[in-house]
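**Q** The structure's right below; bear with me while I get my questions together.
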Amino acid sequence: MPTTLVRKHTGFTLIEVVVFLVVFSVALITIVSTVTYSSVLIEDSKHKVIGTRFGEELLEWVKFQKDLLGYEAVRAKVPTLSNAATFCFNTLNLQTWPSVGACSGYNLKNFYKRELTLTKVSADELVATIVLSWRILDKVKTHTLIVYVNKL
Amino acid sequence: MSISSSRLPKAGRGFTFIEMLIVVMIVAISMPAFFTIVFSLVREQYLVNRLQRVKESGDFSERKILELVRNRTIKTDATCANSIMAGASAGIPAARKICFVDSSKVPFGFYIDDTGRLASMSANLAAQSYVEYLLNTEDSDFPVAIDPTTAAISLVSEKIVKFVYTVKHQPTVGYLTPVAIDYQYYIYLRR
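And the structure:
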């Protein structure tokens, strides 16, 4: 075969281009999804640390309220006829009890929502459930802390 | 053209200078972008890690103070007038120190100094110092500091003590942002 038949300007064949595109896009999608996923995870754990802190702060405050006011007074925060009541603690300074009612929005540091639910378990025991929630990409994330408030 | 012609060895034919230049340029543009993303992730991860460690340090100080003050205090000494405590906390403004007496009549207390250290004083500690740091700016592993301008330790009433402080980690390298967590808690003296 004469060597003059060899083309001077050979391009890539369709198969080569397709294989390249497949490999390249698989690699790109993997990298992009890994990056997105880990940045979401990182963001989430950041909020979890801060959210947990806010929750623990309220938990400690509830314990303090029991010491300060006594068990019966804390129990009296739940209306007599109901079994449970939810309070909104979206303020940075914990000083007074808010009136009964869930939070209207995420306005603790413009991001979190801090709610306390007092539930009557028996005459001598209340359960204080603290729920910290925040939103990431329209998904609501929560962190829950529970403390028992006893008469003793 | 025969089928086999395109499969002949392309002896001597490489990429042209322009082709190489374009490839190098694309690599030169995409690599920094890629590494910027990776490094920003690493930096964010480190921020979370520091945040967790700041919380760990802050929680430790809170636990320790809560436990000691809530369950063991029988008397408060708001101005740290006791001679040992006055000596140990000399020069600390009254708004940043508080002293107590425990059930064994041993004086103890806490203060936040101007450099941002949170100290625990106790007559039970070694006589040379009476002071132990709960949060220390000189900790070689993970130094944290309290902002002395916003910190306050106060006796709200005879039986209520309030602690307010912000625990902060200032990284040694300038381009990293400091992380801080606020602490505020009331303690009711049970005894």
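One line per chain: the protein sequences are S and P, in this order.
Each step along the first sequence adds one to the number in the numbering used here, with nothing skipped, and position 58 is 256.
Each step along the second sequence adds one to the number in the numbering used here, with nothing skipped, and position 134 is 152.
C-beta atoms are modelled at their ideal positions from N, C-alpha and C, and glycine is treated no differently.
Looking at the strands, I want to know which residues DSSP matches up with P:Pro125.
**A** P:Val119
**Q** Could you name the residues that DSSP lists as bridge partners for S:Asn348?
**A** S:Glu323
**Q** Just how far apart, CA to CA, sit S:Thr315 and S:Thr327?
**A** For S:Thr315 and S:Thr327, the distance between alpha carbons rounds to 5 Å.
**Q** Is DSSP giving P:Gln146 helix, strand or coil here?
**A** DSSP places P:Gln146 in coil when its eight states are reduced to three.
**Q** In terms of alpha-carbon separation, which member of P:Asp132, P:Glu176, P:Thr184, P:Tyr203 lies closest to P:Arg209?
**A** Nearest in C-alpha terms to P:Arg209, of all of P:Asp132, P:Glu176, P:Thr184, P:Tyr203, is P:Glu176.
**Q** How long is the line joining the alpha carbons of P:Gln146 and P:Gly105, rounded to whole angstroms?
**A** About 11 Å.
**Q** State yes or no: is the C-beta of P:Gly134 within less than 8 Å of the C-beta of P:Asp159?
**A** Their beta carbons are not under 8 Å apart, which means P:Gly134 does not touch P:Asp159 by this criterion.
**Q** Put P:Val162 into one of helix, strand or coil per three-state DSSP.
**A** coil
**Q** Might you give, ordered along the chain, the residues of its own chain that have their beta carbon closer than 8 Å to the beta carbon of S:Ile213, omitting 5 neighbours on each side?
**A** none
**Q** Any idea which residues DSSP pairs P:Lys180 with across the strands?
**A** P:Ser172, P:Tyr204
**Q** Hey, does S:Glu214 have any beta-carbon neighbour from chain P nearer than 8 Å?
**A** With a threshold of 8 Å between beta carbons, S:Glu214 makes no contact with chain P.
**Q** Identify which residue in P:Leu173, P:Thr184, P:Ile178 has its Cα closest to the Cα of P:Thr167.
**A** P:Thr184
**Q** Helix, strand or coil for S:Phe252 per DSSP?
**A** Assigned with DSSP and collapsed to three states, S:Phe252 falls in helix.
**Q** Can you confirm whether S:Lys318, when its beta carbon is compared against all beta carbons of chain P, has any partner nearer than 8 Å?
**A** no
**Q** Can you give me, in chain order, the residues of the stretch 35-65 of chain P that have a beta carbon less than 9 Å from any beta carbon in chain S?
**A** Phe52, Ile55, Val56, Ser58, Leu59, Glu62, Gln63, Leu65
**Q** Checking contacts by CB at 8 Å: is S:Trp259 closer than that to chain P?
**A** yes
**Q** Name the chain P residues whose beta carbon is nearer than 7 Å to that of S:Ser236?
**A** Leu59
**Q** Since I believe S:Pro277 is in contact with S:Val298 (beta carbons under 8 Å), could you give me their beta-carbon distance rounded to a whole number of angstroms?
**A** Rounded, the Cβ-Cβ distance is 7 Å, consistent with contact.
**Q** Which same chain residues end up closer than 7 Å to P:Asp120 when comparing Cβ atoms and leaving out the 5 residues on each side of it in sequence?
**A** Arg90, Thr91, Ile92, Phe126
**Q** On the DSSP letters alone, give me the boundaries of the beta strand (DSSP E) that S:Phe285 sits inside.
**A** 282-286
**Q** Mind checking if P:Tyr203 is an interface residue toward chain S, Cβ cutoff 8 Å exclusive?
**A** Yes, because at least one Cβ of chain S sits closer than 8 Å to the Cβ of P:Tyr203.
**Q** So the alpha helix (DSSP H) P:Lys73 belongs to, where does it begin and stop?
**A** First-last of the alpha helix (DSSP H) with P:Lys73: 35-90.
**Q** Which whole-angstrom value is the C-beta distance of P:Leu173 and P:Leu153, which I expect to be below 8 Å?
**A** Actually they do not touch by this definition, with Cβ atoms about 21 Å apart.
**Q** For a cutoff of 8 Å on Cβ pairs, would you count S:Leu266 as touching chain P?
**A** yes
**Q** Go ahead and pull the three-state DSSP assignment for P:Ile21.
**A** The predicted model places P:Ile21 with a pLDDT of 48, which falls under 50 and marks its position as unreliable, so this point remains unresolved.
**Q** Cutting at 8 Å between CB atoms, please list the residues of its own chain near P:Tyr193, excluding the five before and the five after it.
**A** Around P:Tyr193: no qualifying Cβ.
**Q** Assign P:Ala144 to buried or exposed, taking buried as 16 or more other Cβ atoms, counted over all protein chains shown, within 10 Å of its Cβ.
**A** exposed
**Q** Within 10 angstroms of its Cβ, does S:Phe210 collect 16 or more other Cβ (buried), or is it exposed?
**A** exposed
**Q** Secondary structure at P:Ile199, three-state DSSP: helix, strand or coil?
**A** strand
**Q** Rounded to whole angstroms, how far is the Cβ of P:Ile83 from the Cβ of P:Phe128, which I believe are closer than 8 Å?
**A** 6 Å
**Q** In chain order, which continuous runs of the beta strand (DSSP E) of length 3 or greater are located wholly inside the stretch 258-315 of chain S?
**A** 282-286
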